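The opening residue of the sequence shown carries number 11 in my numbering; numbering runs sequentially from there. For every residue, glycine included, the Cβ atom is placed at its ideal position computed from N, Cα and C. The structure presented is a predicted model; accordingly, all values stated were derived computationally and were not measured.
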Amino acid sequence: MMAGFMENLAARWPFWIGISARRILRLYLLLSGLMMFILLMIALTIDMAKYLPDVRLKAENMDQPLAQILLPYLGYRAVDIVTRLLPMACFLGLFLAEILRAFRLERIILAFAGFSPIKSLPVILLFGILVGSVEAALETRLRPWAVFAQVDLGLGAYGRRFDPQLSENPVWFVIGDTAIRARILRGEAPELRDIEMFRGLDQSRLTSVLVAARAIPGGADKIWRFEDVTEWQADTDGRKYRMQKTPMREITLELLPEQVRYYNIDSYYLPTKDLDRIATMRDAETASDADTAIWRRWSAFLLPGAFAFLGASLAQVGYRARRASVVPLIFYALVGYLSIVSVKVLWALGELGVLAAPVAVLGSIAGTILVATALQISQSRARIQWTNLWPNLLSLGKKKPTKIPKTDPKS
Numbered sequence: 011m012m013a014g015f016m017e018n019l020a021a022r023w024p025f026w027i028g029i030s031a032r033r034i035l036r037l038y039l040l041l042s043g044l045m046m047f048i049l050l051m052i053a054l055t056i057d058m059a060k061y062l063p064d065v066r067l068k069a070e071n072m073d074q075p076l077a078q079i080l081l082p083y084l085g086y087r088a089v090d091i092v093t094r095l096l097p098m099a100c101f102l103g104l105f106l107a108e109i110l111r112a113f114r115l116e117r118i119i120l121a122f123a124g125f126s127p128i129k130s131l132p133v134i135l136l137f138g139i140l141v142g143s144v145e146a147a148l149e150t151r152l153r154p155w156a157v158f159a160q161v162d163l164g165l166g167a168y169g170r171r172f173d174p175q176l177s178e179n180p181v182w183f184v185i186g187d188t189a190i191r192a193r194i195l196r197g198e199a200p201e202l203r204d205i206e207m208f209r210g211l212d213q214s215r216l217t218s219v220l221v222a223a224r225a226i227p228g229g230a231d232k233i234w235r236f237e238d239v240t241e242w243q244a245d246t247d248g249r250k251y252r253m254q255k256t257p258m259r260e261i262t263l264e265l266l267p268e269q270v271r272y273y274n275i276d277s278y279y280l281p282t283k284d285l286d287r288i289a290t291m292r293d294a295e296t297a298s299d300a301d302t303a304i305w306r307r308w309s310a311f312l313l314p315g316a317f318a319f320l321g322a323s324l325a326q327v328g329y330r331a332r333r334a335s336v337v338p339l340i341f342y343a344l345v346g347y348l349s350i351v352s353v354k355v356l357w358a359l360g361e362l363g364v365l366a367a368p369v370a371v372l373g374s375i376a377g378t379i380l381v382a383t384a385l386q387i388s389q390s391r392a393r394i395q396w397t398n399l400w401p402n403l404l405s406l407g408k409k410k411p412t413k414i415p416k417t418d419p420k421s
């Protein structure tokens, strides 16, 4: 029964499971993996040139072998680097794969067998599904884990930028008619220190001014426990302020502990659970950043396939038959690189709130797919036009044979 099903499937979709499809898919995976390995080695080499002394010092301070600190750190860095560069590796891998197939006359042989470039799209689709699943897992789960593992280890760029230490300078939180100036302590137990809170920003005069030594999250949601509090409250007429001191006071603020814990950390680094919590704060400055990060995670599955499609399409247009046109190939490679850069630019516009998050994220992917589709149509359209025109072209310049009238032999 299974054999009959496979025969029926092969009869209907021969290119999905045929020898050529398997060879093409294997070539795509091989060259994309090779490109990813090269990019990874380059990135790790640059990283080690800068942070290897810190890793060695960390191992000495912890009295542990260097390999016991270095190898986990390299693993964390590799996860982050692969997440960022996998779409580029897919573009380069399929770009080179199509050039290699053209050089080996593989595309020409398949074209004579009746397979146009469009009929090879199912293989690219299958490649996109396989690699897209990896990219989705990296973007949503593995990358946030790897980034904050580096923070816990205290090494690398993330260990410095996201160091869970008390900030030297105070920062501002503006929440409705309330402004808070405080030093923050990031990390598992977020805190506010040296607090100054001003209320009544929408009034002609402030309604209250509060000073506290420390604030920590309370037991309930959006409840903060302020310690060593001194508050000046305005009278009903707003002319005088009455001072009141309390050792501890619970205040409700539209401020989540996650907003303090991950202050000044890009949203796409955050764990999914905490990111979803921050995205619920619609009035916060981080709302657009969080929305863009969420849409990036939802669409991460599509990104490698889109750039793989673009890379294959550009190579098919730039390298036909066995004629190596170096200048056009360099130009098409540059077009692909600019496409990748434009995607990141659109993401940045979404994070800043200039564009809506769905437009910034899905628009960039849709634009990449549309460009690749236009290239595929241009190839097939040329073949169709030539097929329709060649009988007429061959008949040009030839005179139609004149018919000799038949004569009656008796006449």
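Residue i to residue j span [Cα, whole Å]
| i | j | result |
| --- | --- | --- |
| Pro-82 | Arg-114 | 42 Å |
| Tyr-342 | Ala-325 | 7 Å |
| Thr-383 | Leu-176 | 52 Å |
| Asp-301 | Glu-361 | 8 Å |
| Ser-130 | Ala-31 | 8 Å |
| Val-181 | Leu-44 | 45 Å |
| Leu-80 | Arg-170 | 17 Å |
| Gly-166 | Ala-69 | 14 Å |
| Leu-104 | Arg-33 | 13 Å |
| Ile-118 | Leu-135 | 21 Å |
| Ile-29 | Met-46 | 26 Å |
| Ala-297 | Lys-232 | 17 Å |
| Ile-190 | Arg-292 | 18 Å |
| Tyr-347 | Arg-94 | 14 Å |
| Gly-6 | Leu-152 | This structure gives no information on residue 6, because the portion of the chain shown stretches from 11 to 421. |
| Ala-225 | Pro-132 | 57 Å |
| Gln-74 | Leu-339 | 50 Å |
Residue nearest to residue i in terms of C-alpha spacing, selected from the options
| i | options | result |
| --- | --- | --- |
| Leu-76 | Gly-360, Arg-259 and Arg-66 | Arg-66 |
| Val-144 | Leu-313, Ile-29, Leu-84 and Gln-74 | Leu-313 |
| Tyr-38 | Ile-109, Tyr-61, Ala-59 and Leu-84 | Ile-109 |
| Trp-192 | Asp-73, Glu-116 and Leu-220 | Note that residue 192 is Ala in the sequence shown here, rather than Trp. Ranking the options by Cα distance to Ala-192, first place goes to Leu-220. |
| Ile-205 | Pro-281, Gly-321, Leu-195 and Asp-212 | Leu-195 |
| Phe-311 | Ala-112, Met-72 and Thr-150 | Thr-150 |
| Leu-365 | Gly-321, Trp-305, Ser-349 and Ile-350 | Trp-305 |
As assigned by DSSP and simplified to three states, the class of residue i
| i | result |
| --- | --- |
| Arg-235 | strand |
| Thr-217 | coil |
| Leu-202 | strand |
| Arg-94 | helix |
| Leu-263 | coil |
| Arg-196 | coil |
| Glu-241 | strand |
| Arg-114 | coil |
| Leu-223 | Checking the sequence shown, residue 223 turns out to be Ala, not Leu. Of the three classes helix, strand and coil, the one that applies to Ala-223 here is strand, per DSSP. |
| Leu-19 | Its pLDDT being 48, under 50, Leu-19 is placed unreliably by the model, and the measurement read from it follows with that caveat. If DSSP states are grouped into helix, strand and coil, Leu-19 belongs with the helices. |
| Gln-254 | strand |
| Leu-176 | strand |
Contacts around residue i, its chain only, beta-carbon distance under 7 Å, and the 5 residues preceding and following it disregarded
| i | result |
| --- | --- |
| Ala-370 | Thr-302, Leu-356, Trp-357, Leu-359 and Gly-360 |
| Glu-268 | Asp-284, Arg-287 and Ile-288 |
| Val-345 | Leu-324 |
| Ile-425 | For residue 425 there is no data in the structure shown, the boundaries of the chain being 11 and 421. |
Own chain residues within Cβ distance below 6 Å of residue i, not counting five before or after
| i | result |
| --- | --- |
| Leu-216 | Phe-208 and Gly-210 |
| Leu-385 | Ser-323 and Val-327 |
| Ile-275 | Phe-172 |
| Ala-53 | Ile-91 |
| Leu-84 | none |
| Thr-188 | Arg-209 |
| Gln-254 | Glu-241 |
* To do: Quick one: which unbroken alpha helix (DSSP H) runs of 4-plus residues sit fully inside the region 270-347? Chain order, please.
  => 282-289, 297-309 and 313-328
* **Any alpha helix (DSSP H) of 4 or more consecutive residues that is wholly inside the region 128-155** => 131-147
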